[in-house]
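Under the working numbering, the residue at position 21 of the sequence shown is numbered 573, and the numbers go up by one with no gaps.
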Amino acid sequence: MTDLPLELDHVGVAVNDLDVGRDAYQRLGFTLTPRSIHSGSKTPGGPVEPWGSGNHCAMFQEGYLELIGLTDPDLYSSAQAMLERHQGAHIVAIGSGEADAAYAALAARFEGVEPPSKLQRDASFGPDGEETRLAAFRNIYLAPESFPEAMMIFIEHLTRDVLWQPHLLDHPNGAVAMAEVVFCVADVAATSGRLQRLFGAEPTEPQPGAARFAFERGAVYVIDAARLAIWTPGVEPPCLPYVAAVGITVRDLGATKDLLSRNGVDFTDHPYPAIWVGPADTCGPVLSFIQA
C-alpha cells in the first residue's frame, strides 16, 4: 500500500468553448459553479499572476468535475496545450495530503515530479453568489515527458469550504462522487509500471489489456484500445495515450436515465449497473454514470 493518503480528487475536461461546455454539462444534469478565472505560478516558487483560463465545476459529495477553457488567448494558460492536442479530459488530480510531504515522497520514487506550485481563483460564495472568496491550492505537477497520458496533479486544498458549498452538491442527475478515471494507452504494462512507482501501490484485479489502481477513494484504470472497443463500442481514441473516460456514481441510476432521456441525451448500458454517454455529448470523454 502507498504511504500517501491518495484519493481521486477531480478530473478536468478542456473544452474549446466554455459556453458550449457549460451548456452540454447542464444538459447532462450537473449543477455547475459560476465561471471562475484562474491565476497561479507559471513555475514552482514563482509569483501568482493572472492566467488566460477559467472554469465551471460540478462539485460532488466526494471529488468534482472541472470544465476548463480559454478566456484570454493573450495570457498564459495550461489549457492551451491541452486543446492543441484535443478537446477532452486531460487533468487527473489526486488528493495526496499536505503538499510538501507528498512532494518528498513522490520525488523519491519517480522522476519528473515538480515542487509544489500555487494556484488560486476567485469563486462565488453563498447560495446567491453574493460573496467572492479565494479558492487556493498547492499543486504538484509531473513533467509531461515523465507522464504523457495526462496532466497528472497531486493536490492540496487550502480552502475546502470555498469549493464544497452545500448548495452546489445537489445535481439533477443525482451525481454524488467522482468514482474512476480511465487511461487508454498503447502499452498497459508500461503505463501501469510507471503508475505503480508513482502511487507506491500495485494494481489490483489485473486482466488482459487492463489494470486497476484502487485508492482510499476512487480508482484509476489503464486499458488498451482493444479493451476500450469492447467496453464502449464505436468510440475512437483521438490519440494514444489519452484520458478516455470518467466515472461518476449517482444515487438512482433509473432517475439518471430518465433525466438524460428527457434532455435528449443518448446513452448505452454497461454490462454492470451503469450507463455511458459518448464523446459527442460530453465534449470528448466517455462519461459513465454508475449506481452508487
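All C-beta atoms in this analysis are idealised placements derived from N, C-alpha and C, irrespective of residue type, glycine included.
Just measuring C-alpha positions, the residue of T801, Q672 and P790 sitting nearest S840 is T801. For L658, the enclosing alpha helix (DSSP H) stretches over residues A651 to R661.
CA-to-CA, the gap between R779 and E601 works out to about 43 Å. Across the set P596, P599, G592 and S588, the C-alpha of S588 shows the shortest separation from the C-alpha of T623.
According to the DSSP assignment, W783 belongs to the alpha helix (DSSP H) that extends over A777 to W783. Fewer than three Cβ pairs drawn from the region 555 to 569 and the region 783 to 793 lie within less than 8 Å of each other, which leaves the two stretches out of contact. Counting C-beta pairs closer than 8 Å gives three or more between the region 664 to 675 and the region 648 to 656, which meets the contact rule. Taken in chain order, the unbroken stretches of beta strand (DSSP E) that lie wholly in the region 679 to 724 and span 3 residues or more are 683 to 693 and 703 to 709. Counting only the Cα atoms, A762 lies some 7 Å from V740.
In this structure E650 is in contact with E708, their Cβ atoms being roughly 6 Å apart against a cut-off of 8 Å. When C-alpha distances from R673 are compared across A660, L721 and H608, the shortest belongs to H608. Between the alpha carbons of E618 and P718 lies a distance of about 17 Å.
In the three-state reduction of the DSSP assignment, L671 falls in the strand class. In chain order, F677 place their CB closer than 6 Å to the CB of E683, counting only its own chain and leaving out the 5 sequence neighbours on each side. Counting other Cβ atoms within 10 Å of its Cβ, D776 reaches 16 or more and is therefore classed as buried. Under the three-state reduction of DSSP output, Q748 falls in the helix class.
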